[in-house]
Amino acid sequence: MTRDDAGTAIVEFVFLALVLLVPLTYVVAAVATVQRNTLAVTQAARDAARAFATSDTEATARLRVAAAVRLALADQGLPDDATVRFVRAGAGCSDSAIAPRLTPGAQFTVCVSRRVQLPAVPSILTGRGIRTVGAFLVHVDDFRPAPRQ
482 MTRDDAGTAI VEFVFLALVL LVPLTYVVAA VATVQRNTLA VTQAARDAAR AFATSDTEAT
542 ARLRVAAAVR LALADQGLPD DATVRFVRAG AGCSDSAIAP RLTPGAQFTV CVSRRVQLPA
602 VPSILTGRGI RTVGAFLVHV DDFRPAPRQ
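Numbering (the working numbering), first residue to last: 482 to 630.
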């Protein structure tokens with residue numbers, strides 16, 4: 482007695498394709514989500530540093546930093562929910578915050594951080610999400626005039 486196997490190859494192919502492609506597609510989507518956030522906070526830190534260093538006053542600098550971060554996040558389609566901190570030059574973003582100055586030759590680091598949730602994963606499993614951090618070292622021009630008050 483011979484057994485007819487006609488048509489089983491397509492069933493096996495579809496089954497294996499679902500078993501392999503669905504998880505692979507999810508992993509690609511999750512990595513893309515985290516990468517998008519990483520690019521956004523990195524660009525936000527760079528833009529915020531430049532906005533601060535080129536400002537005339539420290540009060541104006543704070544407003545320009547907020548606007549630069551908002552625009553960088555909006556470029557990636559993200560909400561404006563990032564945290565901006567200033568730390569001393571060479572310090573990690575988790576170190577204590579400082580008050581940056583526009584004095585000629587001043588150096589400090591701008592840190593922008595944001596939390597991202599993985600797609601289709603409940604927060605009970607991921608907690609507060611993945612923290613993405615962007616940092617940029619600022620060196621205020623040595624030959625700029627002293628800041629106006």
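Positions of the beta carbon are idealized from the N, C-alpha and C atoms, including for glycine.
Paired residues, beta bridge with residue i - DSSP
i, result
"residue 571", "DSSP output for residue 571 lists no bridge partner at all."
"residue 588", "620"
"residue 611", "597"
"residue 564", "594"
Residue i and residue j closer than 8 Å at C-beta
i, j, result
"residue 557", "residue 520", "yes"
"residue 508", "residue 613", "no"
"residue 597", "residue 615", "no"
"residue 587", "residue 621", "yes"
"residue 595", "residue 563", "yes"
"residue 624", "residue 581", "no"
"residue 590", "residue 550", "no"
Alpha carbon of residue i to alpha carbon of residue j, nearest angstrom
i, j, result
"residue 499", "residue 602", "20 Å"
"residue 583", "residue 606", "44 Å"
"residue 538", "residue 544", "10 Å"
Close Cβ partners of residue i (< 8 Å) along its chain, the five nearest in sequence each way excluded
i, result
"residue 555", "561"
6 Å Cβ shell around residue i - same chain, five flanking residues per side excluded
i, result
"residue 524", "553"
Beta-carbon contacts of residue i that lie in its chain and below 7 Å, excluding the five residues immediately before and after
i, result
"residue 546", "529, 532, 533 and 565"
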